[in-house]
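Visitor: Per my numbering, the sequence shown starts with residue 35, numbered consecutively. Glycine included, C-beta positions come from ideal geometry on N, C-alpha and C. This structure is in structure tokens; I'll ask about it shortly.
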Amino acid sequence: MRHRIAVVGSGPGGLTFARVLHRHEYPVTILERDPASDARPPGGMLDLHEGLGQLALDKAGLLAEFQAVSRPEGQAMRILDTAGTVLRDWRPRPDDRANPEIDRGQLRDLLLGPLDVQWGRGVTQVVPGPRGGVLVHFADGRRETFDLVVGADGAWSRTRPAVSPVTPHYTGITTVETSLDDVDTRHPDLARLVGDGSMAVYGVNRKLVAQRNSGGHVKVYAQFRAPLDWHSNLDLADAEAVRSSLLTLFDGWAAPVLDLLRHGTAFVHRPLYVLPVSHTWTHVPGVTLLGDAAHLMPPLGAGANLAMLEGAELAESIATGAGDLDVAVRAFEERMWARAGKWAKITTAGLERLVSADPAEALAVFDQVQPS
Ligand SMILES: Cc1cc2nc3c(=O)[nH]c(=O)nc-3n(C[C@H](O)[C@H](O)[C@H](O)COP(=O)(O)OP(=O)(O)OC[C@H]3O[C@@H](n4cnc5c(N)ncnc54)[C@H](O)[C@@H]3O)c2cc1C
């Protein structure tokens, strides 16, 4: 029996869910608020782990295509102290495929493939009916009923209230993101400083990370502890004012490191919010969540990986199951909660140590997780 299934959101989680169902020739409605796939800049890089994101791509039949476009050399990681001294300079072996990097835009295009996304369909509310059937309300006033609605609509999910009253809270750590283009020709010194992968500098309660994307693009993340309203006297739309404020905040750091901020173009403020560690809910027939909507956690390389594997696993169990949708969803939720809870603990503790009063903590984290 084919159920009417909708997924809200076409991020990594929603698209993987839809792509695996599509592989099994199981119909799914993909509802996305953005008016088009390229309506927003896709963002930086994602490293996809062998046992998580890559496993999900395998279930979608896309692993070979991923291997063709991803960048194993992007796993390289260099750590400097604030004086600019290189403390660690780790490079992957040529055959290392544990966590290759891929541009988010490339991943999105890979997953989109033949999928038919309904763009510009912002969901405002999801209401489970008393006798089965879930009513989805749209921003344009329309409504539609499905047997199962999967909320893959990210941190500020509009599906989540149907199952849980919990909302994300601020971690006390914020990020300002900037980027540089054509680094190899326009900023060769910075290109060398960043290397093939990522470069991180850890100071007291702040860090600066630069990450090479494809096409000579570098993303720079300045992360620091601050109250949510730290910018109340700053116009965040004024790039020069934000640059100057960051240069003051990172004052005293080595000049080549600060050049990453001096040459950055636009600045985007992203305060870090999280859901409580081990967020669960009482099962509601006809509605579930996956990815950030279910377990928003610090951005330490797990969120997209988990969202994708959850999407793949749920789709697989629906498409290959005996037909009892509710049994499949309940089993999926139990598995997701256990795995995501574990990662939420790891990433929460990791963030505390990476943006800490003692920069040596960050180095200790690196030495623990990175095989030398
Ligand atoms: C700086 C940074 C770096 C990161 N690096 C990594 C990394 O290397 N590896 C990793 O695994 N994770 C990483 N993450 C985390 C990762 O980005 C997220 O965990 C991941 O994107 C979550 O995927 P998702 O599909 O659950 O949600 P999202 O990617 O947030 O997608 C949600 C989708 O839902 C749509 N949507 C939202 N509301 C509605 C609505 N009401 N109606 C319809 N559509 C809606 C949105 O437009 C969007 O397309 C990083 C995060 C940040 C901020």
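#1: Within its chain, find whatever has a CB closer than 6 angstroms to the CB of A173; leave out the 5 residues flanking it on each side and keep chain order.
#2: What distance in whole Å lies between the Cβ atoms of P310 and V200, which are believed to be in contact at a cut-off of 8 angstroms?
#3: Counting pairs of Cβ atoms below 8 angstroms between the stretch 235 to 242 and the stretch 317 to 332, do you hit three or more?
#4: State the DSSP-derived secondary structure class of M79, mapped to helix, strand or coil.
#5: Report the rounded CA-to-CA distance for W264 versus G163, giving the unit in angstroms.
#6: When you compare each of D187, A349, M342 to L65 by their alpha carbons, which one comes out closest?
#7: Using a Cβ-Cβ distance cut-off of 8 angstroms, determine whether G231 contacts chain B.
#8: Have a look at the DSSP bridge pairing and note the partners of S213.
#9: Considering only residues of the stretch 224 to 310, which uninterrupted alpha helix (DSSP H) runs meet the minimum length of 4 residues and lie entirely inside it, listed in chain order?
#10: Using the beta-carbon count (16 or more within 10 Å), is W190 buried or exposed?
#11: What residue range does the alpha helix (DSSP H) around W124 cover?
#12: Assess contact between the stretch 215 to 231 and the stretch 248 to 265, defined as three or more Cβ pairs (one per stretch) separated by less than 8 angstroms. Is contact present?
#13: Return helix, strand or coil for Q402, following the three-state DSSP convention.
#14: Going by beta carbon distance, what residues of the same chain come within less than 8 angstroms of E350, once the five residues before and after it are set aside?
#15: In angstroms, rounded to a whole number, what distance separates the CA positions of G43 and A196?
#16: Do L80 and L141 count as a contact pair if the criterion is CB distance below 8 angstroms?
#17: Look up P222 in the DSSP assignment and say whether it is helix, strand or coil.
#18: Please state if the CB of E84 and the CB of S104 are separated by a distance shorter than 8 angstroms.
#19: Could you tell me the distance, in whole angstroms, from the CA atom of S71 to the CA atom of T179?
#20: Check this for me: beta carbons of L182 and L359, under 8 angstroms apart or not?
#21: At a cut-off of 7 angstroms, would you count E347 as near ligand 1, judging by its Cβ distance to the nearest heavy atom?
#22: With DSSP run on the structure shown, which of helix, strand or coil describes P46?
#23: CA-CA distance, V280 and A300?
Guide: Here's the rundown:
#1: Cβ neighbours of A173 within its own chain (closer than 6 angstroms, five residues either side excluded): G156, T158.
#2: Here V200 really is in contact with P310; their C-beta atoms are around 6 angstroms apart, less than 8 angstroms.
#3: By the Cβ criterion, the stretch 235 to 242 is not in contact with the stretch 317 to 332, since fewer than three pairs of Cβ atoms, one from each stretch, lie closer than 8 angstroms.
#4: In this structure, M79 counts as strand in the three-state DSSP scheme.
#5: Answer to the nearest angstrom: the Cα atoms are 44 angstroms apart.
#6: Comparing Cα positions, the closest option is D187.
#7: No chain B appears in the structure shown, which is made up of a single protein chain.
#8: According to DSSP, S213 bridges with K253.
#9: Segments of the alpha helix (DSSP H) lying fully in the stretch 224 to 310: 273 to 283, 289 to 296.
#10: In summary, W190 is exposed, with fewer than 16 beta-carbon neighbours lying within 10 Å of its beta-carbon over all protein chains present.
#11: Segment 120 to 124 is the beta strand (DSSP E) holding W124; no alpha helix (DSSP H) there.
#12: Contact holds: three or more Cβ-Cβ distances are below 8 angstroms.
#13: Helix at Q402.
#14: For E350, where only same-chain residues beyond five positions count, the Cβ hits under 8 angstroms are V54, H58, K93.
#15: Roughly 16 angstroms between the two C-alpha positions.
#16: By the CB criterion at 8 angstroms, L141 and L80 fall inside the cutoff.
#17: Helix, per DSSP.
#18: No, these two residues do not count as a Cβ contact at 8 angstroms.
#19: Going by the C-alpha atoms only, they are around 25 angstroms apart.
#20: For the 8 angstroms CB-CB criterion, L182 and L359 form a contact.
#21: E347: no, Cβ never under 7 angstroms from ligand 1.
#22: In the structure shown, P46 falls within a helical segment according to DSSP collapsed to helix, strand and coil.
#23: Residue 280 is actually Leu in this sequence, not Val. Answer to the nearest angstrom: the Cα atoms are 13 angstroms apart.
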